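Enquirer:
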Ligand code: LFR
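Residue numbers (full-length UniProt numbering): 1 to 471.
1) May I ask you to report which of helix, strand or coil DSSP gives residue 98?
2) Given this structure, state the Cα-to-Cα distance separating residue 411 from residue 72, to the nearest angstrom.
3) With DSSP collapsed to three states, give me the class of residue 156.
4) What I want to know is whether the C-beta of residue 56 ends up closer than 7 Å to one or more non-hydrogen atoms of ligand 2.
5) DSSP puts residue 261 in a beta bridge; with which residues?
6) Residue 7 bridges to which residues according to DSSP?
7) Report the partner residues of residue 204 according to the DSSP bridge assignment.
8) Check the DSSP bridge columns for residue 130 and list the partner residues they point to.
9) Okay, do the stretch 62 to 82 and the stretch 7 to 16 touch, 3+ Cβ pairs below 8 Å being the bar?
10) Ligand 1 and residue 296: does any heavy atom of the ligand fall closer than 7 Å to the residue's C-beta?
11) If I'm right that residue 203 touches residue 139 with Cβ under 8 Å, what's the distance once you round it to whole angstroms?
12) Whose C-alpha, out of 164, 188 and 194, is nearest the C-alpha of residue 217?
13) For residue 394, which residues in the same chain have their Cβ closer than 7 Å to its Cβ, ignoring the five residues on either side in sequence?
14) Compare the beta carbon distance of residue 409 and residue 307 with 8 Å and say whether it is the shorter of the two.
15) Report the option in 340, 21, 159 and 127 whose CA atom is closest to the CA atom of residue 82.
16) Determine the direct distance from the alpha carbon of residue 68 to that of residue 151, and round the result to whole angstroms.
17) Between the Cα of residue 65 and those of 229, 1 and 469, spot the shortest distance and give me the residue it belongs to.
18) Can you tell me whether DSSP reads residue 40 as helix, strand or coil?
19) Go through its chain and collect everything with a Cβ distance to residue 3's Cβ below 6 Å, but skip five positions before and after it.
20) Assuming residue 425 and residue 453 make a contact with CB atoms under 8 Å, what is their CB distance in whole Å?
21) Any chance the CB of residue 80 is under 7 Å from a heavy atom of ligand 1?
22) Would the beta-carbon of residue 262 fall within 8 Å of that of residue 256?
23) Give me the Cα-Cα distance between residue 321 and residue 366, rounded to the nearest whole angstrom.
24) Could you tell me the boundaries of the alpha helix (DSSP H) in which residue 60 lies?
25) Closer than 7 Å to a non-hydrogen atom of ligand 1 - does that hold for the CB of residue 418?
26) Using DSSP bridges, identify the partner residues of residue 215.
27) Measuring alpha carbon to alpha carbon, tell me which residue in 131, 135 and 62 is nearest residue 223.
28) Report, in whole angstroms, the separation of the C-beta atoms of residue 96 and residue 84, which I expect to be a contact under 8 Å.
29) Locate the beta strand (DSSP E) running through residue 399, then write down its first and last residues.
30) In terms of alpha-carbon separation, which member of 125, 427, 99 and 246 lies closest to residue 39?
31) Does DSSP put residue 370 in a helix, a strand or coil?
32) At which residues does the beta strand (DSSP E) containing residue 477 begin and terminate?
33) Going by alpha carbons, who is nearest to residue 283 out of 467, 225 and 173?
34) Could you say which of 342, 178 and 141 lies nearest to residue 120 if we only look at CA atoms?
35) Could you check the C-alpha separation between residue 175 and residue 327 for me, to the nearest Å?
36) Looking at chain C, is there any beta carbon in it that lies within less than 8 Å of the beta carbon of residue 469?
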């Protein structure tokens, strides 16, 4: 049986289990299982179906035997900011409410009445998004204070899965930073913030960095799977793992493209200055305590929703082709407007935006998609200008990673808009970065630099330079 390391990568629309192994100094990756993920309405809230997701993880692990694979370790990453709370018996006290739920509407402004925006930013360096964990906890405190009072453990989604696998509770560092409650300078929970907000300090667990060994599987799981393995922490925040796979970081702006587009650079130190705050850039924690200086852009969520609104009548590929063959369509929407976070209908929201702003109305699937792609590309261009202004530096190239890097139209629009070469790939950046952390933890790779070189030599990269879209 071939030894391998398993990466579980769960995004907003699906979860996948990958087996990775190194042969001839190249990393190989094989998808062994895929399962759906979608928000479900529980009572008044949109939640993640956490039990189904854990079942998906277990099904993936079980498939290893039939695939002739012997996993020696596993690492789990998901999107950020969401969490569950456990009581004194380690039972769930809360659902895993989704960050797209409306429970945080207006909460950020309320928080600023007791602690200023500037102070939060200078302590955490984290961008202001109404769905950050800080505001989710604040909303819970306001509406269900008894739940927060009886909480004994705060676990983010991957922390909870790690707990289910091993029985050990820790908060992983990269994901913890997305809460907006970790101090960017000490890299620990910010006690002052937590006290000022009157959150239950003892529920926060010890923060552990990527490459930390959480433990072995619980006994009953060893019996169920027929084998044991180690559970390691990758960057459990998917974007943290994805950025490990950017082949070349010098002079490069990366775009991690999936449900969200995360656009930025990697820095040695957090930048919590006024200009970074002005443009709402974030400093998310990364491997080796480096910082992802980036900005969230609404991303392919908009097109995923459009696809859903058309009852999945068109594939992503078809929507892209329709957009490409649509006569240049000039209407652009502000993709970063919160109205696109979870509208009833994305198609109607885009159309309403155009009507309100007296822009030509996109009507066909091709026009709607082209309007979204153009708007995304424009927003990337704007973010790049801001990064160059803040850093006082000109970046040579753009590297798009993740599933969205397969979208040729966006790649072409970006190189046309910015006049910089665009490199696309690796596609499975997150799973690759997740496996890289495990290889480093196991001593099979010396450090992140070595892992990055191996990744660069193992996966395909495509180059785009400015040219006419319809050529
Ligand atoms: C991407 C991502 C982003 C985070 C958003 C919400 O999947 O993790 O980095 O801002 O989801 O958690």
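Ideal placement from N, C-alpha and C gives every residue a C-beta, glycine not left out. Remember, predicted model here, so these are calculated numbers, not experimental data.
Expert: Taking the geometry as given:
1) coil
2) 37 Å
3) strand
4) This structure lacks ligand 2; its bound ligands are ligand 1.
5) 257 and 297
6) 18 and 75
7) 154
8) Paired residues: none, contrary to the question.
9) yes
10) yes
11) Wrong, their Cβ atoms sit about 16 Å apart, outside the cutoff.
12) 164
13) 388
14) no
15) 159
16) 42 Å
17) 1
18) strand
19) 70 and 72
20) That pair is no contact at about 15 Å.
21) yes
22) yes
23) 8 Å
24) 50 to 66
25) no
26) 231
27) 62
28) 5 Å
29) 397 to 401
30) 99
31) helix
32) Not covered by the structure: residue 477. The range shown for the chain is 1 to 471.
33) 173
34) 178
35) 42 Å
36) Included in the structure is just one protein chain, with no chain C present.
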